[in-house]
Each structure stands twice: as structure tokens, then as C-alpha cells.
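Below is one structure, written out as C-alpha cells, with a few remarks after it.
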Amino acid sequence: MENKIISRKLKLLSQLMELHGENSFKTKAVANASFKLDKLPFRIIDKTELELSEQQGIGKSTAAKVWELLNTGCIRELEDLLSRTPDGILEMLTIKGLGPKKIVIIWQTLNIETIGELYYACNENRLIEAKGFGLKTQEEIKRAIEFNMASQGFFLYSQAEKIATHVGKELEELLPKDCLLHITGDFRRRVEILSRIDFITTATEKELLNGIEHLASLIKFEQKDGHIQTIHESGLPIYFFISNNTTFQRDLLISTGNEDHLNLLKQKLDGDIPDGQDEKEIYRKAHLDFIEPELREGLDEIEKASHHTLPNLINYTDIKGTLHNHSTWSDGVHTLEEMARHCKETLKLGYLGICDHSRTAVYAKGLKDEQVLQQWLEIEELNKKLTPFKIFKGIESDILSDGSLDYPEELLKGFDFVVASIHSNLKMDEERATTRLIKAIENPYTTILGHPTGRLLLSRKGYPINFKKVIDACAANKVVMEINANPLRLDLDWRWHRYALEKGVLLSINPDAHRTEGLKDMYYGTLIGRKGGLEAVQCLNCFSLEEIDHYFKTRKLL
DNA sequence: TCCAGAG
DNA sequence: CGGCCTCTGGA
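Using this note's numbering, the first residue of the first sequence is number 1276, and each one after it goes up by one.
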């Protein structure tokens, strides 16, 4: 990913050089080299240094040639040019529809240097003045910019978590020992995408400011009424709310929110929210059971808390195994054995479901029919070696456009379980996408419906589906729904967990891991499952090895 | 991932 | 009209 962006940048820079009338041989050399870089494993350590690896079948001579091209003077000129190139120009590369060539044209003819100016030009109908741009392209670019703006300023929970942990730890050291510092706000409620992080503290404003000033990662700060606003170097705003020892628990609860939840809570209390020893006591004063922060969304949680029917939320330690993972058989990074040993030895899990891509997914080296049989042999061998740990024979079978799975029945029969998911033809309307999914759900060999909407948070909207119909179909056909635990997906969305659970649908927290480290993503899946109200007993991979083995076997007999 | 085809 | 750039969709 990063490689691609860098090589596109190099391409852009070489275009710019051409326009600036630099030595054309060198320009060509750089253009050539940067073109080849698309295919090379490389990494820029700083602006002047490239690291070329000899692995992955790239010959030494090719590597050396590229290295030389980029090292003999070209880099210096590039660097020079880079310093003269407005930041906005490079940023334009992030807009869909704009590559190096087009950006240079826009820059040269319209003198546009930032995305803002570009957007403005689109609105003023000026972009069509540039050669090669028509009304249609102008509209496309405008739409692309709008999409970028909409997702800009938002961060994935997983990204925010890294920042929050880091800042929290560092700041704790800088504040007086007896100070409380607690994460709060949307983050505490485990909202999947965030526009800022909130902390609350009992430190005084002076102590807090002093601490913040010593944190190099917080680039600017502003004092507001009752809180301090800062911006982390990543661009994520961090707010610090100042509380005190007497009202801390109440302030924590209020800053955690959300607004709907607080309003419902106030109704229960006939007025304002009181203070307490801890949040539990505050809820008790409202005659409510303690409500976990992730459930505080103003949905049915207050109701349930008053009837003592809140779910007993799942914990990460409830997870007994993992389903839906990839290996080197398809597009994974680690071998089946490495994945299995990691599960068994490092994560102490009882089983691993391996679900490499199926034959339609050529792009992901999907398994051909006979490869499936070979993989089964390897699984059987490994199972002997690793017992009592067990690898389940699974497959992530593509749901074709008409809703069918892409292996013949005789082969599907042989799997312990089948994850069915959509990877192609994502642009269906709601009706067609829904019937496509339902047909796959009705397939007797489908055990789990994989990432139901195909969304990628902050970058791709999923295909539109009728959630109720899809969930009902899963209930009717005893199909488990995946909570894809990849922090970019978290799909099924937590807002639909309750409905699915009420219908008796089991959920499964699946990491969709393509490498051993990816298995940890089940942590994010657990958090979002908690937010959705998931209990361990309703989660397929919280089943013990014996239970899940039995589940797969009896399910197939039905 | 790669290629043909469209805009 | 051909060539060019970039995106899309199918395999």
C-alpha cells in the first residue's frame, strides 16, 4: 500500500521534472525506475535512501539498477523538487480519478495547488478549461473530493486506541501521583469510528497544562471553558476535561454519554444526575443495574437495566478458538502450520478454522478443486501432530452473482464448515444484493455468512442490503453471522447485533487473519460484539472444541 | 493480481 | 482520429 503511494509520488515528481525542463535522460530514467518500483519490494527509509530486497524473485541486477538510477543524482533533484512542490499537490494523489499526469495538467493550466482550490474550481465550472477534462470528469472529481472530506477527520477505533494508550501513559507520568486520568467520550463507548479522543482528569488546569506541554506528540492546545483542546501529531484532536475528586464519577458518566442515554437516564431520575462512589452507585440511585459504557447509546439499555435483563457481555477470554483465517494456500502470509501453532501455543486457543479463498477468487490465489483435497491431507497430518488442538477444514467460498457457491456439492460436503462471502460485483442495488445473499444463506452447505455488507470503514461503503430480511433468512436456515473482526470492517455492524440475537442467530467473531498477527483482531471483534450486546453463549467461537465439533457435525446432518 | 475495455 | 491516463469489472 505504502509502496504504491510512494511510487506514484515518484512518478508525479518525474512528471514535474519534465515540465521544469530538467535533464531528460535523468527524467526518463526516474520515470522508468519508478514505474518498475511498482513491482519491486522496496521501502524508502528517508528521502535519500532506498532499501531493496532481493527476495520475492527479484534479481540482484534489477535491484541494483533501480538503486543506481535513484542514487545517481536523480534523488537529489527529486528531493529539491519535492521541497518546491506544494504539499497540496501531493495530497491530490489521494483523490480517485487523479493520477500524476492529470494533477500536473491542473497545476500548470489552472494554477491550483490545494484540494480546496480544486473543489472550488469544480464548483465554478473551471476544471473543464484544462485540456483533457470534460464535464463528466469534473463531476467525478467533485464527488471524489466530497467523499474524501466526509471521511476526513475520522479515525478507526484501532488507530485511536494506539494514540490514546500512548498519550494516556505518558501523561500519567507527568501528572501528580494521586490524580485520576480516565478515557471517556465516544472512545469509552467503543464507537467504531471517532473524530476525537476525550480524557477526563482530576488534575487542576495548571497541572494538566504543564503535563501537556511536556508531551511532544500534542502539537497545539487551546484552553476552553472547563476543558483543554489539543491536536495529536496524527491529526486526531484530543480533549481533556477537568473534573475534581468530589464529582469525578458523575462527570465521567456525563462525558461518556451519549446524549440520548443521558436524557433517558435523567428521566428515570426525575432530574439531574447525582454523584456517587462509582458509576454503579449512580445507576443504583436511578434503580438501574450498572450499564457498561459500550451499551450507552440510548437504545433499550435503560429499559433492560430496570428489568435486570441486560446482557452478560462477552469478554476476550471467552474466546476458545478462531474461524475464518487464511494461509499460504491462498493469499495468506503464514503457513497452515504457523497459523495453527500460533493459535495453539501463543494464543492458547483450542481450534483453528482455516478458510482460504475459493476457486473464483483468482486474484487471491483461490484454491482449485484438487488443491482443496491436498489441503485436507495437510490438515489431517497436522491434526495428528497437534492434537488435542484441531484444525477445521473450512473454505471462504465466493458467493457468485446469482447467489450460488463456487464449488460442486460433492466438494462442499467434505468441509467441516463453509464461510460464504461476496467479493465481486459489489455494485448491486439493495434488492438484488439481498436476494443474492439469501440464496447463499439457503444453501445447505453455508455455515457462516462472511462480512455481510463488504464495507471498509472510512473507505468503502458496503453493498446495500435489507438487514432484516438477511438476518431472518439466517435465523430460518440456522446460518451463523460473522462479525468480521478486522478493525476496518467490523461487519456485521453492531447496530444489527441485537436484532440478530433476538432472532436466535449465532454470531461468530472472525479475524479473517492473513497472518499470525491478524488473529489478535478478535480483540476488536469482541469490543464491537460487546457494543452490540453479544454474550459468550451466543458466540460460535466461544464454543469449546467439543461443542463446536458437535455443532458442525450435527448441523451437517440436518 | 492482471488485463481488456470504457470514459 | 489516435493516443493517453485512469478507473472499472471480470477472471
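Cβ coordinates follow ideal geometry from the N, Cα and C atoms, glycine included.
For the options Lys1406, Ser1679, Glu1612, the alpha carbon positioned closest to that of Leu1661 is the one of Glu1612. The segment 1805-1823 makes no contact with the segment 1442-1461; the number of CB pairs closer than 8 Å stays below 3. In the structure shown, Leu1449 adopts helical secondary structure according to DSSP, grouped into three states. For Pro1375, the three-state secondary structure derived from DSSP is helix. For Glu1497, same chain residues with a beta-carbon under 6 Å away, outside a window of 5 residues either side, are Gln1504 in chain order. Here Pro1568 is not near Arg1471, since their CB atoms are 8 Å or more apart.
Assignment of Asp1824 by DSSP, reduced to helix, strand and coil, places it in the helix class.
Between Ile1364 and Trp1382 the beta-carbon gap is near 6 Å, inside 8 Å, which marks them as a contact. Taking 4 residues as the shortest admissible run, the segment 1712-1784 contains the following complete alpha helix (DSSP H) segments, listed from N- to C-terminal end: 1742-1752, 1772-1777. When DSSP reads this structure, Phe1667 sits in a beta bridge with Gly1628.
The beta carbon of Gly1372 is closer than 8 Å to those of Thr1412, Glu1415, Ile1416, Ala1419 in its chain, skipping five residues each way along the sequence. In the DSSP assignment, Val1647 falls within the unbroken alpha helix (DSSP H) covering 1644-1661.
Counted as a single uninterrupted DSSP element, the beta strand (DSSP E) harbouring Lys1499 occupies residues 1493-1499. In this structure Gly1596 is buried. Its beta-carbon is surrounded by 16 or more other beta-carbon atoms within 10 angstroms. With fewer than 16 other CB atoms across the displayed protein chains lying within 10 angstroms of its CB, Val1812 is exposed. In the DSSP secondary-structure assignment, Gln1504 is bridged to Glu1497, Tyr1514.
Contact between Lys1555 and Ile1548 fails: their C-beta atoms lie close to 14 Å from each other, not under 8 Å. Contact holds between the segment 1749-1763 and the segment 1708-1728, because three or more Cβ pairs, one in each stretch, are under 8 Å apart. The beta carbon of Glu1821 sits closer than 6 Å to no other beta carbon from its chain once the five residues preceding and following it are set aside. Between the alpha carbons of Ile1557 and Ser1581 lies a distance of about 13 Å.
Residue pairing by DSSP places Ile1380 opposite no residue, since no beta bridge is assigned to it.
Residue environment for Asp1673: buried (at least 16 other C-beta atoms within 10 angstroms of its C-beta). DSSP, reduced to helix, strand and coil, places Leu1402 within a helical segment of the structure shown.
Using a Cβ distance threshold of 8 Å, Gly1669 and Gly1628 count as a contacting pair.
The bridge partners DSSP lists for Ile1472 are Ile1513. The three-state secondary structure of Phe1690, taken from DSSP, is coil. Residue Leu1570 holds the alpha-carbon nearest to the alpha-carbon of Trp1769 among Asp1553, Ile1390, Leu1570. About 7 Å separates the CB atoms of Val1745 and Ile1713; that is less than 8 Å, so the two are in contact.
Nearest neighbour of Arg1735 by Cα position, chosen from Thr1635, Lys1640, Ser1426, turns out to be Ser1426. Taking 8 Å as the cut-off, the beta carbon of Ser1602 is found no closer than this to the beta carbon of Asp1644. Looking at the DSSP output, Leu1680 sits in a beta bridge with Ile1674.
In the pairwise beta carbon analysis, the segment 1523-1530 is classified as not touching the segment 1485-1500: fewer than three pairs are separated by under 8 Å. Between Leu1588 and Leu1809, the C-beta gap is smaller than 8 Å, which places the two residues in contact.
Partner residues in the beta bridge of Ser1633, as assigned by DSSP, are Leu1642. Counting only residues of its own chain and dropping the five nearest sequence neighbours on each side, Leu1815 has a CB closer than 6 Å to the CB of Val1755, Leu1781, Ser1783. Of the candidates Thr1521, Glu1480, Gln1524, Glu1534, the residue whose Cα lies closest to the Cα of Phe1515 is Glu1480.
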